[in-house]
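> Residue numbers (the UniProt record's numbering): 1 to 226.
Glycine included, C-beta positions come from ideal geometry on N, C-alpha and C.
Below: one structure in structure tokens.
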Amino acid sequence: MTRILVVDDDRQLLRALRINLATRGYEVATAVDGTSGLAAAADAPPDLVVLDLGLPDLDGVDVVAGLRAWLTAPILVLSARDSERAKIDALDAGADDYVTKPFGMGELLARLRAALRRAAPAAADSPVVRTDAFTIDLAAKRATTRAGGETRLTPTEWHLLELLVRHPDQLCTQRWLLTEVWGPAYQGQTNYLRVHVANLRHKLEPDPARPRYIVTEPGIGYRYSP
């Protein structure tokens, strides 16, 4: 059974989420602050985390960073903070998706399903991609660099990277990548791409400031250049 951890100080919202998720067959754990959320994740690692940013004891961005230090499961932020800066900070810290309050339960559940699909193991025939700087095993979801050994990627980073490396030397447009990774409603959220591409470069490129493998086509999209 898929285990979901929901961290939010709104007890009425926690109850509603617990009921909706449990009705759909998920195992649900809840926490009302960041400290107990981190402890709950450590005690029983979840398959996905739904996390509010406005917690009473810790800033949610710090909780995202604390989880991402060891947890590879998707983190879906659920917050009343709707500024671009808040979204970028959460994504930079390791979140995979961001939903603003108030929200529709149907949309949230769809985002949750999409995040779980991205985190699912790749097919057995997925290729191993080798370059002079890194090796990507898409089946095992394992990335290693020549300089630093194994590199941890988030589920969203994996999905984005797989789309790029499966289309070597082909232009992947911003619109197509956003649709494939986040859905049609996100075709204009180019800041999502900028954040995650920057994270991939930081983790994989020998010189992230001068990327050799994940190349920007200004105003159009990105290209994986083997």
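Does the CB of Y98 have a neighbour CB from chain B at under 9 Å?
The structure shown contains no chain B, having only a single protein chain.
> By DSSP, does A124 sit in helix, in strand, or in coil?
On the sequence shown, position 124 is the one that residue 124 refers to. Caution applies to A124, whose pLDDT of 47 falls short of 50 and renders its modelled position unreliable; the value that the coordinates give is listed next. A124 falls in the coil class under three-state DSSP.
> Could you check what DSSP says for I220 in three-state terms: helix, strand or coil?
Here residue 220 refers to the residue found at position 220 when the sequence shown is read from its first residue. Note: I220 maps to coil in three-state DSSP.
> Measuring alpha carbon to alpha carbon, tell me which residue in V99, V129, H167, R212 is nearest I75.
Within the sequence shown, numbered from 1, the residue matching residue 75 stands at position 75. Cα-wise, what sits closest to I75 is V99.
> Name the residue from G221, L178, D57, V32 whose alpha carbon lies nearest to the alpha carbon of L171.
Residue 171 sits at position 171 when you count from the first residue of the sequence shown. Ranking the options by Cα distance to L171, first place goes to G221.
> First and last residue of the alpha helix (DSSP H) that includes G149?
Looking up residue 149 in the sequence shown gives position 149. Where G149 is concerned, there is no enclosing alpha helix (DSSP H), although the beta strand (DSSP E) it sits in stretches over 149 to 151.
> Secondary structure at Y98, three-state DSSP: helix, strand or coil?
Counting from one through the sequence shown, the residue named residue 98 turns up at place 98. Strand, per DSSP.
> Where are the beta strand (DSSP E) runs, 3 residues long or more, that stay fully inside the segment 164 to 219, in chain order?
171 to 173, 214 to 217
> Excluding the 5 residues flanking V181 on each side, which residues of the same chain have their C-beta closer than 6 Å to its C-beta?
One-based indexing of the sequence shown puts residue 181 at position 181. Result list for V181: H159, L160, in chain order.
> Do the segment 81 to 92 and the segment 50 to 67 make contact, defined as three or more Cβ pairs closer than 8 Å?
yes
> Give me, in chain order, the residues of the same chain whose beta-carbon lies closer than 6 Å to that of G34; leave out the 5 immediate sequence neighbours on both sides.
Within the sequence shown, the letter at position 34 stands for residue 34. The residues are L55, D57, L58, V63.
> To the nearest angstrom, how far is it from the Cα of L138 to the Cα of V28?
Here residue 138 refers to the residue found at position 138 of the sequence shown. Here residue 28 refers to the residue found at position 28 of the sequence shown. Distance between the alpha carbons of L138 and V28 is about 29 Å.
> Would you call the segment 133 to 147 and the segment 198 to 213 in contact, with 3 or more CB pairs under 8 Å?
yes
> Of all the alpha helix (DSSP H) runs that stay within the bounds of the segment 48 to 117, which reach a length of 4 or more residues?
60 to 68, 84 to 93
> Only counting the same chain, and skipping five residues up and downstream in sequence, which positions put a Cβ closer than 7 Å to that of V61?
Here residue 61 refers to the residue found at position 61 when the sequence shown is read from its first residue. Closer than 7 Å at Cβ, skipping near neighbours: L53, D89, A90, A93.
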